[in-house]
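> Protein chains in written order, with the numbering used here: chain A, 1395 to 1516; chain B, 1395 to 1516; chain C, 1395 to 1516.
Each residue gets a CB set at the ideal place from its N, CA and C atoms; glycine is no exception.
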Amino acid sequence: MSDTQTDIQRLHVAARYSEAAVFNGVVYLAGMVPECEATDIRSQTADVLRQIDVRLAECNSDKSRILRTQIFLRDIADIAAMNEVWDAWVAAGHAPPRATVQAALADPGWCIEVVVTAAVRG
Amino acid sequence: MSDTQTDIQRLHVAARYSEAAVFNGVVYLAGMVPECEATDIRSQTADVLRQIDVRLAECNSDKSRILRTQIFLRDIADIAAMNEVWDAWVAAGHAPPRATVQAALADPGWCIEVVVTAAVRG
Amino acid sequence: MSDTQTDIQRLHVAARYSEAAVFNGVVYLAGMVPECEATDIRSQTADVLRQIDVRLAECNSDKSRILRTQIFLRDIADIAAMNEVWDAWVAAGHAPPRATVQAALADPGWCIEVVVTAAVRG
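This is the structure in structure tokens:
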């Protein structure tokens, strides 16, 4: 490939997708989905948020610098339980804009998928 | 908290989420949902678009500077009625890229949720 | 209209929406949907990806510079077939962050809608 992409950093590039892209100070994470074996919304949310912490750290960012969070829930009725875990995780004073809707996900065992856009540390 | 976030402006920061974040000249609004008591798609759309006008103005932007609009409808069959209200609102000559899909929303009374990304005035 | 929008380039501006907006080196495409008459997921995916190539080229970008792809499938069970077409298309070494969820789309004949954010060539 050409090297015209040197201004875009990609993390964990696989054949189908990568986990993150960084351009012009903004981090675009892939949709984060549960990697744990737990099947409940609370455990899966905690697992996804933990992955987001890891991915943002790899991109020189963190949860206090999130610009937007799009949350997809398999069952929108899970929102209250998801919010419990979210509220304990979110950076106080830096809660990001958020949108939460219901959508069936790629694996029927997943309750949640979260798409984060964040700012790199200045 | 650290002051490393001074390059990110957040509006109406609550414990769970904020209404907007501004970074590098781009405004990221939260998903806007109806605040009115009306239950029909036209009234709810008008209410959501009015809120977007208010939020964008707070961020030194406006509807002529929208970069993308993601629209979620509880019932995709509402798209024609939503479009009527949208068409009367959109800034002529500056209609933004848009995507509209169906999704159940957090409150079963909501017909519509709209996520806007916009440019701050130069 | 005022000329305060000269820092935003819009492509194929219609009354309701435009096909792309470019600001600060980032391309925001509209949700791309099938224009072909085919009804199967493979043909529709190929058609949508072809349109993305065209739109990105118009914006001085290309598929090696995608920052995020949001894919909506009418039936999430189509993901394997969609992935076959995607895998053959994606720029090797530059696969973007991606999120794929199920959602009913504006036309019941559409199997897929794809929303792309990309970087302009530096």
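If you run the structure through DSSP and keep just helix, strand and coil, what is Ala-1432 of chain B?
The answer is coil: DSSP assigns Ala-1432 of chain B none of H, G, I, E or B.
> Apply the 10 Å Cβ neighbour rule to Gly-1503 of chain B and answer buried if 16 or more other Cβ atoms are within range, or exposed otherwise.
That one is exposed.
> Roughly how far, in whole angstroms, is the beta-carbon of Ala-1475 of chain B from the beta-carbon of Ile-1435 of chain B, given that I think they are within contact range, below 8 angstroms?
Yes, they are in contact, since the Cβ atoms of Ala-1475 of chain B and Ile-1435 of chain B sit about 5 angstroms apart, within 8 angstroms.
> Determine the closest residue to Thr-1400 of chain C out of B:Arg-1459, B:Glu-1431, B:Asp-1441, B:Asn-1454, with distance taken between C-alpha atoms.
Considering only alpha carbons, the answer is B:Arg-1459.
> For the alpha helix (DSSP H) holding Val-1484 of chain B, just list the boundary residues, first then last.
Counting along the chain, Val-1484 of chain B falls outside any alpha helix (DSSP H), and DSSP gives it neither H nor E.
> Rounding to the nearest angstrom, what Cα-Cα distance links Val-1448 of chain A and Gln-1496 of chain B in this structure?
Each residue's alpha carbon lies about 31 angstroms from the other.
> Which of helix, strand or coil does DSSP assign to Val-1424 of chain B?
Note that residue 1424 of chain B corresponds to Ala in the displayed sequence, not to Val. Here Ala-1424 of chain B sits in coil by DSSP.
> Show which residues of chain C have a CB atom less than 8 angstroms away from the CB atom of Glu-1507 of chain A.
In chain order: Ala-1493, Val-1495.
> With DSSP collapsed to three states, give me the class of Glu-1452 of chain A.
DSSP places Glu-1452 of chain A in helix when its eight states are reduced to three.
> Name the chain C residues whose beta carbon is nearer than 9 angstroms to that of Ser-1412 of chain A?
Neighbours of Ser-1412 of chain A on chain C, chain order: His-1488, Ala-1489, Pro-1490, Pro-1491, Arg-1492.
> Using only the alpha-carbon positions, how far apart do Gln-1445 of chain B and Thr-1463 of chain B sit?
Whole-angstrom Cα-Cα distance: 14 angstroms.
> Cβ of Asp-1501 of chain C less than 7 angstroms from any chain B Cβ?
Chain B contact via Cβ: absent.
> Using the Cα positions of Asn-1454 of chain C and Ala-1471 of chain A, report the straight-line distance between them to the nearest angstrom.
C-alpha separation (whole angstroms): 43 angstroms.
> Short of 7 angstroms Cβ to Cβ, which residues in the stretch 1406-1431 of chain B face chain A?
Here the close residues are Val-1407, Ala-1408, Ala-1409, Arg-1410, Tyr-1411, Ser-1412, Glu-1413, Ala-1414, Ala-1415, Phe-1417, Asn-1418, Tyr-1422, Leu-1423, Ala-1424, Gly-1425.
> Measure the C-alpha to C-alpha separation of Trp-1369 of chain B and Arg-1515 of chain C and round it to an integer number of angstroms.
There is simply no residue 1369 of chain B to check, as chain B begins at 1395 and stops at 1516 in what is shown.
> Assuming Ala-1409 of chain A contacts Ala-1485 of chain C under a Cβ cut-off of 8 angstroms, what Cβ separation, rounded to an integer in Å, is found between them?
That pair is no contact at about 11 angstroms.
> Quick one: which residues of the stretch 1466-1478 of chain C get their C-beta closer than 7 angstroms to a C-beta of chain A? List them in chain order.
Residues Ile-1470, Ile-1473, Asn-1477.
> Spatial neighbours of Val-1508 of chain B within its chain, please: CB distance less than 6 angstroms, with the 5 preceding and 5 following residues excluded, ordered by chain position.
Excluding residues within five positions, the ones whose Cβ falls inside 6 angstroms are Met-1426, Val-1442, Ile-1465.
> Could you spell out where the beta strand (DSSP E) holding Ala-1415 of chain C opens and where it closes?
Residues 1414-1417.
> By how many angstroms is the C-alpha of Asn-1477 of chain C removed from the C-alpha of Lys-1457 of chain C?
Between Lys-1457 of chain C and Asn-1477 of chain C, the C-alpha separation is close to 16 angstroms.
> Counting only Cβ pairs nearer than 8 angstroms, list the residues of chain B close to Val-1442 of chain A.
Residues of chain B passing the Cβ test: none, with the nearest at roughly 16 angstroms.
> How would you write the range of the beta strand (DSSP E) that Thr-1494 of chain B sits in, first residue to last?
First-last of the beta strand (DSSP E) with Thr-1494 of chain B: 1492-1496.
> I'd like to know whether the C-beta atoms of Ala-1415 of chain A and Arg-1492 of chain C end up nearer to each other than 7 angstroms.
Cβ distance not < 7 angstroms, so Ala-1415 of chain A and Arg-1492 of chain C don't count as in contact.
> How big is the Cα-Cα spacing for Val-1421 of chain B and Asp-1501 of chain A?
Whole-angstrom Cα-Cα distance: 32 angstroms.
> Would you decide whether Thr-1511 of chain B is buried or exposed? Buried here means 16 or more other CB atoms lie within 10 Å of its CB.
By the neighbour-count rule (16 or more Cβ atoms within 10 Å), Thr-1511 of chain B is buried.
> Could you round the C-beta distance between Ile-1402 of chain A and Ala-1513 of chain C to whole angstroms and report it? I think they count as a contact, below 8 angstroms.
Indeed, because the Cβ distance is near 6 angstroms, the residues count as touching under 8 angstroms.
> So that I know if they touch, is there some Cβ in chain B lying closer than 7 angstroms to that of Leu-1461 of chain A?
Chain B contact via Cβ: present.
> In whole angstroms, what is the alpha-carbon distance linking Thr-1437 of chain B and Ile-1473 of chain B?
The sequence given here has Ser at residue 1437 of chain B, not Thr. About 13 angstroms.
> Along the chain, where does the beta strand (DSSP E) containing Leu-1499 of chain A start, and where does it finish?
Leu-1499 of chain A -> no beta strand (DSSP E), and no H or E assigned at all.
> So what does DSSP say about Val-1509 of chain C, is it helix, strand or coil?
DSSP places Val-1509 of chain C in strand when its eight states are reduced to three.
> Near Ser-1412 of chain B, which residues of its chain fall below 8 angstroms by C-beta distance, leaving aside the five closest residues on each side in sequence?
So the qualifying residues of the chain are Arg-1404, Leu-1405, His-1406, Ala-1424.
> Would you say Asp-1501 of chain C touches the ligand FAD, meaning its beta carbon is less than 6 angstroms from a heavy atom?
This structure lacks the ligand FAD, and indeed carries no ligand of any kind.
> Taking the alpha carbon of Leu-1467 of chain C as the point to measure from, which residue in B:Thr-1494, B:Thr-1433, B:Leu-1461, B:Thr-1439 has its own alpha carbon closest?
When each option's Cα is compared against that of Leu-1467 of chain C, the closest is B:Thr-1494.
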